[in-house]
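J.: Here it is, the structure in full.
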Amino acid sequence: MAGRILPKELHIEGIQTTVPCRVTEPGARRLRHITAAAANGNANANANANAYAAPLFQSRLRIVLYYRSAGKEESAWTVAAWMKESLGTALAEMPELAGRLRRAGVGEGEGGWEVKLNDAGVRIVHAAVTEVSMAEFLEAVAAEADKEEPLAYWVDVDGESPEYSALLYMQVSTYV
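Mapping of the sequence shown onto the numbering used here: residues 12 to 187, in sequence order.
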């Protein structure tokens, strides 16, 4: 790969939303309270529960799986459709991943944070890397691990309106 330029840009081809395959049951199960103090390791965080816990809510777990397609008929769109169907089934069992973050009302969590189980969905991103092949990219990533991160699409949780931010993104990327 000597002299070959690593991808500088991720080309987003489409974004879809996947929702649970069945509606989340109504009632008390519609909210999940979050204890930000415990997650931040700050015992005094409840003193200012209205403060936006940016480090906590901007952290993310990236899992990247690479595989070669089975053939020409297996396009990224086909893989995304399979993912969407499977993910819809999984979200029915774990609706928190399809919910949205919001500030808890007074008396419901003392102004802290909660995940509203509103079936808003998970974002699936279809992307393309046109500058290099997957083999060339993996060879470069083996030498420099930080090359992989810019190719994972992510939108941070909006501190002003977190209820519009997806909590989970999945991405299908194609290479030349």
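Here a beta-carbon is modelled for each residue, glycine too, at the ideal position from N, C-alpha and C.
Cα-Cα, which of His22, Tyr78 and Asn129 is closest to valine 34?
T.: Taking only the C-alpha atoms, the option nearest valine 34 is Asn129.
J.: Any idea if leucine 98 is buried or exposed, counting beta-carbon neighbours within 10 angstroms, 16 or more meaning buried?
T.: The residue in question, leucine 98, is buried, as its Cβ has 16 or more Cβ neighbours within 10 Å.
J.: Taking contact to mean 3 or more Cβ pairs, one atom from each stretch, closer than 8 Å, check whether the stretch 146-155 and the stretch 91-111 are in contact.
T.: Segments in contact, no.
J.: Quick one, which of Trp124, Pro161 and Ala109 has its alpha-carbon nearest glycine 116's?
T.: Measuring from the Cα of glycine 116, the nearest candidate turns out to be Trp124.
J.: From the DSSP output, in three-state form, read off threonine 29 for me.
T.: It is a strand residue.
J.: Give the C-beta separation of valine 187 and alanine 87 to the nearest angstrom, bearing in mind that I take them to be a contact with Cβ-Cβ under 8 Å.
T.: So it is not a contact: roughly 12 Å between Cβ atoms.
J.: Where does tryptophan 88 sit, in a helix, a strand or coil, going by DSSP?
T.: Note: tryptophan 88 maps to helix in three-state DSSP.
J.: Name the DSSP beta bridge partners of valine 133, please?
T.: DSSP, once it has assigned bridges, lists Thr29 as partnering valine 133.
J.: Contact defined as beta carbons within less than 8 Å: I believe tyrosine 164 pairs with isoleucine 74. What is the distance between those atoms, to the nearest angstrom?
T.: Not quite, the Cβ-Cβ distance comes to about 14 Å (not below 8 Å), so this is no contact.
J.: Please identify the residue among Gly132, Ala139, Pro31 and Val143 whose C-alpha is closest to the C-alpha of leucine 21.
T.: Measuring from the Cα of leucine 21, the nearest candidate turns out to be Ala139.
J.: Rank Gly25, Thr185 and Pro173 by C-alpha distance to the C-alpha of glycine 110 and give the top, closest one.
T.: It is Pro173 whose Cα lies nearest to the Cα of glycine 110.
J.: By Cβ distance below 8 Å, which residues in the same chain neighbour alanine 91 in space, the five residues on each side in sequence not counted?
T.: Once the five neighbours on either side are set aside, the close Cβ partners of alanine 91 are Gln27, Ile135, His137 and Val183.
J.: Helix, strand or coil for arginine 41? Go by DSSP, reduced to three states.
T.: Helix at arginine 41.
J.: Are the beta-carbon atoms of valine 152 and glutamate 159 separated by less than 9 Å?
T.: In contact: valine 152 and glutamate 159 (Cβ atoms closer than 9 Å).
J.: Using 10 angstroms around the beta-carbon of alanine 156, count the other beta-carbons present and answer buried if the total reaches 16, otherwise exposed.
T.: Classification of alanine 156: exposed, given that the 10 Å Cβ count is below 16.
J.: Under the assumption that arginine 43 contacts glutamate 84 (Cβ atoms under 8 Å), give the Cβ distance between them as a whole number of angstroms.
T.: Actually they are not in contact, since the Cβ atoms of arginine 43 and glutamate 84 sit about 41 Å apart, beyond 8 Å.
J.: In its own chain, which residues sit with a C-beta less than 6 Å from the C-beta of arginine 114, not counting the 5 before and 5 after it?
T.: So the list is empty, once near-sequence residues are dropped.
J.: Between the Cα of serine 176 and the Cα atoms of Gly132, Thr141, Ser144 and Thr185, which residue gives the shortest distance?
T.: It is Gly132.
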